[in-house]
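>
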Amino acid sequence: EQQLEPSGIMWGSMLSSMARAGCSSEIPSILEQLRVQWAGGSQAVWSPLALAGQDQVPVVLQAPGVVALCKPSGTTSAELRDALLAALKAQGYTGDVAMASRLDAPASGVIPFALGGAASGAAQWLQAQFAARRVSKEYLCLCVGDSLGPVGSRGELDTPLLLSDDRGRRVSPSPLGKSARTRYQVTEEMSAPGEGGAVMLLIVHPLTGRTHQIRAHLAGIGRPLLGDKVYGGISEVCGVNCPRLFLHCKKLCMFDLAGARFEPEAPLPVELLDVVSSLRRRTQAAHLEGRTEGPVSRAKKK
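Letter 101 of the sequence shown, counting from 1, is numbered 101 in the UniProt record's numbering, and no numbers are missing.
#1: Gly121: buried (16+ other C-beta within 10 angstroms of its C-beta) or exposed?
#2: Which ranges does the beta strand (DSSP E) cover as unbroken runs of at least 3 residues, wholly within the stretch 195–265, from first to last along the chain?
#3: Any contact of the stretch 244–256 with the stretch 129–149, i.e. 3+ C-beta pairs under 8 Å?
#4: Taking the straight line between their C-alpha atoms, what separation do you get for Met14 and Gly40?
#5: Is the distance from the Cβ of Leu84 to the Cβ of Val57 below 8 Å?
#6: Quick one: is residue 314 buried, meaning 16 or more other Cβ sit within 10 Å of its Cβ, or exposed?
#7: Comparing C-alpha positions only, which one of Ala68, Leu148 and Arg170 sits nearest to Phe113?
#8: Among the candidates Thr159, Val199 and Pro173, whose CA atom is the shortest distance from the CA of Gly149?
#9: Report the three-state DSSP secondary structure of Glu293 (helix, strand or coil).
#10: Select from Ala219, Gln33, Ala105 and Leu247 the residue whose C-alpha is nearest the C-alpha of Ala78.
#11: Out of Leu207, Ala107, Leu201 and Ser172, which has the shortest C-alpha to C-alpha gap to residue 361?
#12: Is DSSP giving Ala68 helix, strand or coil here?
#13: Spatial neighbours of Glu236 within its chain, please: C-beta separation below 8 Å, excluding the five flanking residues on both sides.
#14: Spatial neighbours of Ala44 within its chain, please: CB distance less than 6 Å, with the 5 preceding and 5 following residues excluded, ordered by chain position.
#15: How would you label Asp146, buried or exposed, when you count the other beta carbons within 10 angstroms and need 16 or more for buried?
#16: Flag this pair as yes or no: are the beta carbons of Gly259 and Arg35 separated by less than 8 Å?
#17: Could you check if Glu188 is buried or exposed, using at least 16 other CB atoms within 10 Å of its CB as the buried criterion?
#18: Which term fits Ser108, buried or exposed, when burial requires 16 or more other beta carbons within 10 angstroms of its beta carbon?
#19: Check whether the stretch 210–221 touches the stretch 152–161, taking contact to mean three or more Cβ pairs, one atom from each stretch, closer than 8 Å.
#20: Are the Cβ atoms of Leu247 and Arg215 separated by less than 8 Å?
#21: By a C-beta neighbour count over all protein chains shown, 10 Å radius and 16 as the cutoff for buried, is Ser191 buried or exposed?
#22: Helix, strand or coil for Ala100? Go by DSSP, reduced to three states.
#23: Leaving out the 5 sequence neighbours to the left and right, which residues in its chain are closer than 8 Å to Ser24 when beta-carbon positions are compared?
#24: With distances taken from CA atoms, which of Ser153, Ser101, Ala219 and Ala63 is nearest Pro173?
#25: Thinking just about the alpha-carbon of each residue, which of Leu225, Ser101, Ile221 and Arg170 is nearest to the one in Gly155?
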């Protein structure tokens, strides 16, 4: 008689429930047992895949069972997965590749893929970590609106979010929605005379993984992301045009299939760096000319 084996998502969801019930101390040992099981108990030597120089698959970091890529804006997560698999097969790879998470198509940044099919141990391991909320994600974004406080100010948004249509194109704050938690920290503030107060560069940590979570949460408090046409964001501020959604997944922190920390990181792409640099110059010029009394590019000093 065939037995039903719980999937990584099922295990992760159970562990997440344990954490909410105050049983967090047992979670690391359970995860370790699952990792060993999904790794097959193998201690075989792992060799990096030959993907250097592949423009279509910008590899950030590789480790046993996982490879992290930097997704460009305008490419879907599924399209990047297909490009990765094609590049691997061109190198003689005979396996499959599975997604464990997604990034919005207009966003950019780090995204991990499991080196194996959807039922593989590698995929189950990654999915378990995401479902258990044991993956730390760090995003950078620019939002426009009233100041969220001086540099270093922190906050948390926890409005439940509900899909507004069955195609998942938009979510809305609703008490009927799924729980969602987003933490942010102000790292820089630039004045935006006549544009709604300030342009804020935030470090954002989504503690849950809801569709459009960061975008909807910040828009819900009147600070939509720059370039976010879906949630009311403007594309130009202080005379500077933002050619895309200003949302970038800078870093992930999780564990690979061998149990080692896996921390891929991708810097802001050049088109977003250009926006920040231009805003800093415009803000500084306005400050020197005495045209603004508000905060001016108060970057936290390292």
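By construction, the Cβ of each residue, glycine as well, lies at the ideal position given by its N, Cα and C atoms. Please read these numbers as outputs of a predicted model, since none were measured by experiment.
Looking at the coordinates:
#1: Stepping through the sequence shown from its first residue, residue 121 is reached at position 121. With 16 or more Cβ atoms within 10 Å of its Cβ, Gly121 is classed as buried.
#2: The beta strand (DSSP E) runs lying completely inside the stretch 195–265 and spanning 3 residues or more are 197–206 and 247–255, given in chain order.
#3: With contact defined as three or more Cβ pairs closer than 8 Å, the stretch 244–256 and the stretch 129–149 are in contact.
#4: Residue mapping note: residue 14 aligns to position 14 of the sequence shown, counting from 1. Residue mapping note: residue 40 aligns to position 40 of the sequence shown, counting from 1. Distance between the alpha carbons of Met14 and Gly40 is about 22 Å.
#5: For this step, residue 84 is matched to residue 84 along the sequence shown. For this step, residue 57 is matched to residue 57 along the sequence shown. Yes.
#6: Residue 314 falls outside the range modelled here, since the chain spans only 1 to 302, and no answer is possible.
#7: The residue you call residue 113 lines up with position 113 of the sequence shown. Here the closest residue by C-alpha is Ala68.
#8: The count along the sequence shown starts at 1 and reaches residue 149 at position 149. Of the candidates Thr159, Val199 and Pro173, Val199 places its Cα closest to the Cα of Gly149.
#9: Residue 293 sits at position 293 when you count from the first residue of the sequence shown. A caution first: Glu293 carries a pLDDT of 46, below 50, which makes its placement in the model too unreliable to give a value.
#10: Here residue 78 is taken as the residue at index 78 of the sequence shown, counted from 1. That would be Ala105, whose Cα lies nearest to the Cα of Ala78.
#11: Absent from the structure is residue 361, since the part of the chain shown begins at 1 and ends at 302.
#12: Mapped onto the sequence shown, residue 68 falls at position 68. Reduced to three states, the DSSP call for Ala68 is strand.
#13: Residue mapping note: residue 236 aligns to position 236 of the sequence shown, counting from 1. Cβ neighbours of Glu236 within its own chain (closer than 8 Å, five residues either side excluded): Cys242.
#14: Translated into the one-based positions of the sequence shown, residue 44 becomes position 44. With a pLDDT of only 49 at Ala44, under the threshold of 50, the placement of this residue in the model should not be trusted, and no figure is reported.
#15: For the purposes of this step, residue 146 is identified with residue 146 of the sequence shown, where counting begins at 1. Counting of Cβ neighbours within 10 angstroms places Asp146 among the exposed residues, the total staying below 16.
#16: Stepping through the sequence shown from its first residue, residue 259 is reached at position 259. Stepping through the sequence shown from its first residue, residue 35 is reached at position 35. In this structure, Gly259 places its C-beta atom within 8 Å of the C-beta atom of Arg35.
#17: Looking up residue 188 in the sequence shown gives position 188. It counts as buried.
#18: Here residue 108 corresponds to residue number 108 of the sequence shown, with the count starting at 1. Sixteen is the threshold: when 16 or more other Cβ atoms of the shown chains lie within 10 Å of the Cβ of Ser108, as they do, the residue is buried.
#19: Touching, per the Cβ criterion.
#20: By one-based count along the sequence shown, residue 247 stands at place 247. By one-based count along the sequence shown, residue 215 stands at place 215. Cβ atoms of Leu247 and Arg215: closer than 8 Å.
#21: Here residue 191 refers to the residue found at position 191 when the sequence shown is read from its first residue. Buried, since its Cβ has 16 or more Cβ neighbours within 10 Å.
#22: Counted from its first residue, the sequence shown places residue 100 at position 100. Under the three-state reduction of DSSP output, Ala100 falls in the coil class, being neither helix nor strand.
#23: Walking along the sequence shown from the start, residue 24 turns up at place 24. Hits under 8 Å: Met18.
#24: In the sequence shown, residue 173 corresponds to position 173, counting from 1. Nearest to Pro173 by alpha-carbon distance, out of Ser153, Ser101, Ala219 and Ala63, is Ala219.
#25: Within the sequence shown, numbered from 1, the residue matching residue 155 stands at position 155. Closest by alpha carbon: Ile221.
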